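Below is one structure, written out as structure tokens; comments come after it.
2 protein chains.
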Amino acid sequence: MSIPDPSWGTHAHTVLEEAGHRRGGARDEVIDLLASQACALSAQDIETALRAQGRAVGRASIYRALDVLVEYGLIKRLEVGRAEACYEPANPGGHHHHHVVCEVCGELAAFDDRELEAAIARLGARLGMHIDDHDVLLRGTCRECAGRVPTATPPQHLHQH
Amino acid sequence: MSIPDPSWGTHAHTVLEEAGHRRGGARDEVIDLLASQACALSAQDIETALRAQGRAVGRASIYRALDVLVEYGLIKRLEVGRAEACYEPANPGGHHHHHVVCEVCGELAAFDDRELEAAIARLGARLGMHIDDHDVLLRGTCRECAGRVPTATPPQHLHQH
DNA sequence: TCTAATAATGGGACTCAGTCTCGGAAACAG
DNA sequence: CTGTTTCCGAGACTGAGTCCCATTATTAGA
Ligand SMILES: [Mn+2]
Ligand SMILES: [Mn+2]
Ligand SMILES: [Zn+2]
Ligand SMILES: [Zn+2]
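Next up, the structure:
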């Protein structure tokens, strides 16, 4: 999700409405914010962003909205090894991408790979159990950080959190 | 890691010793427990298990031990979408596996797939940045749970935590 | 339009995995 | 042995996420 997809917001609203959910201000704000965003956001990010634009929403409501959206497959929850989870809109068509995280600066980048997806699909078939989702996370050093690191450095240590 | 590998424990002790770490009771207990275990353990699991066998170890020491072990690549940290992380011994040869988690009962199973690893390796090369680790997690429904679920069930929802 | 039923909201207390601190214990080089 | 340094444990602390519940908003139906 490198480019924000404005149509995702309407789609999300529609899905929830058709599922019988009433429309409330808080959840709408969360959806609209996610629709306008290019990159995955944490619950914290969402709270801060909404407050900053004068549309503060209770923390409980943010988590509730995220739960519902995950439930309907409208957003994808990402665990990136940080303390908090991040969320990003999911393409209704099922097309998706995965991420590489820089172990040095924590930057998150997306990539999209047909071959990887194909390998996972075949693997699922081979396992003999029904697989309906998967996560892939690559860890490495981004270009910028690779240039900045002195040559005689001991192996990078990634402390949890 | 379906079968505990007793030699891993000695290997871990050796690596740490050669790296200049002093040998202390707490970390030894953690290593020995991990070496005897077939499945990934959380920090909580470790604390409980050690206490149960009368070898209680401070929580801080458990996390310290896990940090060091991750740092030297001796264990692998797993995020399985639960609240806490899990840890399991890493094969010194670099050979490893990934996991499938059942969305219904939470059971964790390991699998090992050459084709997937090859796809990831090629992908890393294509990305043009140095990748030194990766995670893959499949989510689905295990055989047991597939049999138990009534036919007219709405799509399984996986609530976070 | 009005109303009743019910879903959504938000403040704030609470949980609990993980972190930090610091005084004391153990390891080990010399 | 002894001094230096690392390791250890108790417990205070942090912060993401959860829970509760009184209040407010939505909406189907009269
Ligand atoms: Mn994929
Ligand atoms: Mn792999
Ligand atoms: Zn970087
Ligand atoms: Zn199951």
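Going down the list, the sequences are from chains A and B. When you line the first sequence up against our numbering, it's residues 1297 to 1457, in that order. When you line the second sequence up against our numbering, it's residues 1297 to 1457, in that order. The beta carbon of each residue, even a glycine, is placed where N, CA and C say it ideally should be. What you are looking at is a predicted structure, and each value in this text was computed from that prediction instead of being measured.
Taking 7 Å as the cut-off, is the C-beta of B:Glu-1403 nearer than that to any heavy atom in ligand 4?
Here residue 1403 of chain B corresponds to residue number 107 of the second sequence, with the count starting at 1. Result yes, Cβ under 7 Å from ligand 4.
So does B:Val-1376 have its beta carbon nearer than 7 Å to some heavy atom of ligand 4?
Counting from one through the second sequence, the residue named residue 1376 of chain B turns up at place 80. The answer is no for B:Val-1376.
Going by DSSP in three states, A:Arg-1439 sits in which element: helix, strand or coil?
Numbered from its first residue, the first sequence carries residue 1439 of chain A at position 143. The answer is helix: DSSP assigns A:Arg-1439 an H, G or I state.
For the beta strand (DSSP E) that contains A:Val-1311, what are its first and last residues?
Here residue 1311 of chain A refers to the residue found at position 15 of the first sequence. Run containing A:Val-1311: none in the beta strand (DSSP E); it sits in the alpha helix (DSSP H), 1302-1314.
For ligand 3, is there a heavy atom less than 7 Å away from the beta-carbon of A:Glu-1440?
Looking up residue 1440 of chain A in the first sequence gives position 144. Yes - ligand 3 has a heavy atom lying nearer than 7 Å to the Cβ of A:Glu-1440.
Determine, using beta carbons only, whether B:Leu-1419 comes closer than 8 Å to chain A.
Here residue 1419 of chain B refers to the residue found at position 123 of the second sequence. Yes, contact with chain A.
Whose CB is closer than 7 Å to a heavy atom of ligand 2? List the residues in chain order.
This selection yields B:His-1392, B:His-1394, B:Leu-1412, B:Glu-1413, B:Ile-1416, B:His-1430, B:Val-1432.
Against chain A, with Cβ distances strictly below 8 Å, would B:Thr-1447 count as a contact?
Residue 1447 of chain B sits at position 151 when you count from the first residue of the second sequence. Residue confidence for B:Thr-1447 is low, a pLDDT of 38 falling below 50, so the modelled location carries little weight and cannot support an answer.
Is any non-hydrogen atom of ligand 3 found closer than 7 Å to the C-beta of A:Thr-1437, if you look at the structure I gave you?
Taking the first residue of the first sequence as position 1, residue 1437 of chain A is located at position 141. Indeed, a heavy atom of ligand 3 lies less than 7 Å from the Cβ.
Between the stretch 1424-1438 of chain B and the stretch 1384-1398 of chain B, do at least 3 Cβ pairs fall closer than 8 Å?
yes
Just checking: is the beta-carbon of B:Arg-1351 within a distance shorter than 8 Å of some beta-carbon in chain A?
Along the second sequence, one-based indexing puts residue 1351 of chain B at 55. Not an interface residue.
Answer with yes or no whether the minimum CB distance from B:Glu-1411 to chain A is below 8 Å.
Locating residue 1411 of chain B in the second sequence gives position 115, counting from the first residue. Chain A, which has a Cβ nearer than 8 Å to the Cβ of B:Glu-1411, makes this yes.
Bridge partners - A:Ala-1406, DSSP secondary structure assignment
The count along the first sequence starts at 1 and reaches residue 1406 of chain A at position 110. DSSP, once it has assigned bridges, lists A:His-1395 as partnering A:Ala-1406.
To which residues does DSSP link A:Leu-1337 through a beta bridge?
In the first sequence, counting from the first residue as 1, residue 1337 of chain A sits at position 41. In DSSP, A:Leu-1337 forms a bridge with A:Tyr-1383.
Please check if any C-beta of chain B sits within less than 8 Å of the C-beta of A:Leu-1365.
Within the first sequence, residue 1365 of chain A is the residue found at index 69, counting from 1. So no, A:Leu-1365 is outside the interface.
From this set, A:Leu-1365, A:Ala-1442, A:Glu-1343, A:Asp-1328, which residue's C-alpha is nearest A:Pro-1302's C-alpha?
Position 6 of the first sequence, counting from 1, holds the residue named residue 1302 of chain A. Answer by Cα proximity: A:Asp-1328.
Out of curiosity, what's the CA-to-CA distance linking A:Ala-1331 and B:Gly-1377?
Start at 1 with the first residue of the first sequence, and residue 1331 of chain A comes out as number 35. Start at 1 with the first residue of the second sequence, and residue 1377 of chain B comes out as number 81. Using only the alpha carbons, I get a separation of about 24 Å.
Work out the CA separation of A:Tyr-1359 and B:Ala-1386 for me, nearest whole Å.
One-based indexing of the second sequence puts residue 1386 of chain B at position 90. One-based indexing of the first sequence puts residue 1359 of chain A at position 63. The straight-line gap from Cα to Cα measures roughly 35 Å.
Enumerate in chain order the residues of its own chain whose CB-to-CB distance from A:Ala-1405 is below 6 Å, with the five nearest sequence positions on each side excluded.
Reading the first sequence from its first residue, position 109 is the one you call residue 1405 of chain A. The answer, listed in chain order, is Val-1396.
Distance between beta carbons of B:Pro-1388 and B:His-1307, contact taken as under 8 Å:
Along the second sequence, read from residue 1 onward, the residue named residue 1307 of chain B stands at position 11. Along the second sequence, read from residue 1 onward, the residue named residue 1388 of chain B stands at position 92. Going by Cβ atoms, the distance from B:His-1307 to B:Pro-1388 rounds to 6 Å, so yes, they are a contact pair.
Counting only the same chain and skipping the five closest in sequence on each side, list residues whose C-beta sits under 6 Å from that of A:Gly-1424.
Here residue 1424 of chain A corresponds to residue number 128 of the first sequence, with the count starting at 1. None.
For A:Cys-1398, verify whether its CB is less than 7 Å away from any heavy atom of ligand 3.
One-based indexing of the first sequence puts residue 1398 of chain A at position 102. Answer for A:Cys-1398: yes, Cβ within range of ligand 3.
My output table needs one value for B:Val-1400: the three-state DSSP class, helix, strand or coil.
Reading the second sequence from its first residue, position 104 is the one you call residue 1400 of chain B. Residue state, collapsed to three classes: coil.
From the DSSP output, which residues share a beta bridge with B:Ile-1371?
As a working note, residue 1371 of chain B is residue 75 in the second sequence. According to DSSP, B:Ile-1371 bridges with B:Pro-1385.
What would DSSP say about B:Val-1353, mapped onto helix, strand or coil?
Counted from its first residue, the second sequence places residue 1353 of chain B at position 57. Note: B:Val-1353 maps to coil in three-state DSSP.
Leaving aside the five residues before and after A:Glu-1313 along the sequence, list all residues of the same chain whose C-beta is less than 8 Å from its C-beta, in chain order.
Numbered from its first residue, the first sequence carries residue 1313 of chain A at position 17. Closer than 8 Å at the Cβ level, and outside the excluded window around A:Glu-1313, lie Arg-1319.
Say whether chain B places a C-beta atom closer than 8 Å to the C-beta of A:Gly-1377.
Residue numbering aside, residue 1377 of chain A sits at position 81 when the first sequence is read from its first letter. Yes - at least one Cβ of chain B is within 8 Å of the one on A:Gly-1377.
Using the Cα positions of B:Glu-1380 and A:Pro-1300, report the straight-line distance between them to the nearest angstrom.
Indexing the second sequence from 1 puts residue 1380 of chain B at position 84. Indexing the first sequence from 1 puts residue 1300 of chain A at position 4. Spanning the two alpha carbons is a distance of roughly 32 Å.
Kindly indicate the opening and closing residues of the alpha helix (DSSP H) around B:Gly-1321.
Looking up residue 1321 of chain B in the second sequence gives position 25. Here the alpha helix (DSSP H) through B:Gly-1321 covers 1321-1331.
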